[in-house]
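If you're matching positions, the sequence shown starts at 630 in this note's numbering and goes up one per residue. The beta-carbon is built from N, C-alpha and C at its ideal position, and this holds for glycine as well. Contents: one structure, followed by commentary.
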Amino acid sequence: MSKLITTTEELRAVVKVAASIPEASWHPFLEPAIERFLRPYLGDALISDLELCATGMLPDGMAEAQKSALATLIPEIRKPLGPFLMWLGAPELGINVGDTGHTVTKIADKFVPASDAKIAAYRAGLLDRGWNALEALIRHLERNKEKFPQWTSSRVYSLRRSNYLNSAEDFQDRGEVNIGYSRLTFEALRCVMSAIEARFVSKILGRTLDTLLRAALPEIDAMTTDRDITVGGTIIPAVRVPVYRETARLVRLFVANQTASMPFQASTEGQYTPVILSVVGNASEFASFYLSELQNYLNDQSAHLGIQSSSGRLDYNTADKKMFVA
């Protein structure tokens with residue numbers, strides 16, 4: 630059983646509940662909340678060490694600074710965990726289950742069961758607060774990754790450099806698409822971004838140039854200004870501007886303009902929904918234009934890149950070939 634929250638007093642520090650509620654009422658929802666909301670973002674290693682820290686069972690060989698860092702992280706973990714826990718438990722906490730079936734408690738002149746609308750608003754508030762707290766927690770871990778080496782083995786962290794855009798900052802600053810620098814939104818966009826890179830961007834670049842660029846990602850990520858780089862004897866002039874920008878723009882189009890067939894619009898209850906500004910106009914025309922911009926860049930720089938210039942207009946918006954289906 631998880632010990633990340635052990636008492637009602639600890640729970641009350643992060644979410645509004647009555648002091649009289651027994652631990653047995655909310656504790657069954659603790660581990661499901663960890664598994665559903667925290668483990669996918671924080672990773673097995675960090676969750677495991679936090680559990681050991683909460684029970685005082687960290688290995689003797691662990692440095693005291695590491696133990697202290699984990700201890701100070703537990704209150705931060707509770708900030709998203711408490712709201713998520715109560716969100717999961719809300720439908721059951723007001724129900725009594727016994728020999729007489731499902732009943733609710735009604736105390737004359739004191740309390741009556743909350744309406745469905747109030748319960749829905751309460752759960753929505755918990756979910757919003759939980760995601761915001763998790764966003765803040767991920768930012769904290771990124772800023773202090775040297776204190777939490779377990780974090781670097783998480784899926785969210787280890788996926789870095791698997792795409793051309795590999796952080797919320799990349800997506801917003803280099804891709805020029807506003808996502809409010811949200812780590813959660815960026816991670817939710819990875820699947821679509823990978824598909825766009827494989828289906829469109831990598832094909833336009835060609836296998837040789839695509840391979841060179843991906844090998845240069847560590848150097849490109851470290852750049853503070855756009856400049857030419859040389860990879861394998863090939864000069865790549867300020868490459869991140871068009872490649873990053875058009876990739877992010879295409880992701881924005883897919884997410885903002887697609888119909889309910891897109892995965893983000895078929896989300897289950899409680900799933901994080903990425904927030905991204907919509908695009909006014911014909912999505913297919915925008916997509917064709919963005920890809921043409923990338924192709925034009927490659928044509929202009931073909932001599933430096935060692936590739937053959939492509940002739941003709943790149944058009945992904947024809948009667949028989951559309952990127953977007955309304």
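Given residue i, which residues of its chain have a CB within under 6 Å of its CB, disregarding the five upstream and five downstream residues?
i	result
Y926	P871
G711	L640, V643, V644
G718	W655, F658
R878	Y919
V954	Note that V954 scores 41 on pLDDT, short of 50, meaning its location in the model is unreliable; the coordinates nonetheless yield the value given after this. Closer than 6 Å at the Cβ level, and outside the excluded window around V954, lies no residue.
D673	none
S787	none
M891	Annotation note: pLDDT 41 at M891 (below 50); position unreliable, coordinate value reported separately. So the list is empty, once near-sequence residues are dropped.
V830	T876
L687	L681, K696
Y670	V785
L846	R790
Excluding the 5 residues flanking residue i on each side, which residues of the same chain have their C-beta closer than 7 Å to its C-beta?
i	result
A683	K632, L633, I703
A824	none
E764	S811, R812, L813
E705	L766, H769
E775	none
E760	Checking the sequence, you will find Trp at residue 760 rather than Glu. Within the same chain, W760 has close Cβ partners L813, Y901.
N792	R819, M822, S823, E826
G941	Note that G941 scores a pLDDT of 45, beneath 50, so its modelled location is shaky; the value from the coordinates is reported in the next line. Closer than 7 Å at Cβ, skipping near neighbours: no residue.
I748	A719
F713	A662, F666, G759
For a test of the three-state rule: what should DSSP assign to residue i, helix, strand or coil?
i	result
L633	coil
D689	coil
A765	helix
R789	coil
E957	No statement about residue 957 is possible, as the shown extent of the chain runs from 630 to 955 and does not include it.
G711	helix
L585	The requested residue 585 is not part of the displayed model; the chain covers only 630 to 955.
A706	Here the sequence assigns Ile to residue 706, which means Ala is not the residue at that position. Of the three classes helix, strand and coil, the one that applies to I706 here is helix, per DSSP.
E805	coil
K696	helix
G979	Given that the chain is displayed from residue 630 to residue 955, the structure contains no residue 979 and the question cannot be resolved.
K645	coil
A746	helix
A932	helix
A845	coil
Q937	coil
S783	coil
P892	With a pLDDT of 42 at P892, under the threshold of 50, the predicted position of this residue should be treated as unreliable, though the coordinate-derived value follows. Of the three classes helix, strand and coil, the one that applies to P892 here is helix, per DSSP.
Please report the residue range of the alpha helix (DSSP H) in which residue i lies.
i	result
R812	812-825
Q900	Run containing Q900: none; DSSP gives neither H nor E here.
W655	652-655
I833	831-834
P778	Note, P778: premise wrong, no alpha helix (DSSP H); not H, not E.
E680	673-683
Which residues in the same chain as residue i place their Cβ atom closer than 8 Å to its Cβ, once the five residues preceding and following it in sequence are excluded?
i	result
A700	C682
Y937	In the sequence under discussion, the amino acid at residue 937 is Gln, which differs from the Tyr named in the question. The answer, listed in chain order, is S931.
V646	T637, L640, W655, M715
E798	Y810
I663	S631, L633, I676, L710
T635	E652, A683
T781	K774, S787
E680	S631, K632, L633
N795	L788, R789, L846, D850
M691	none
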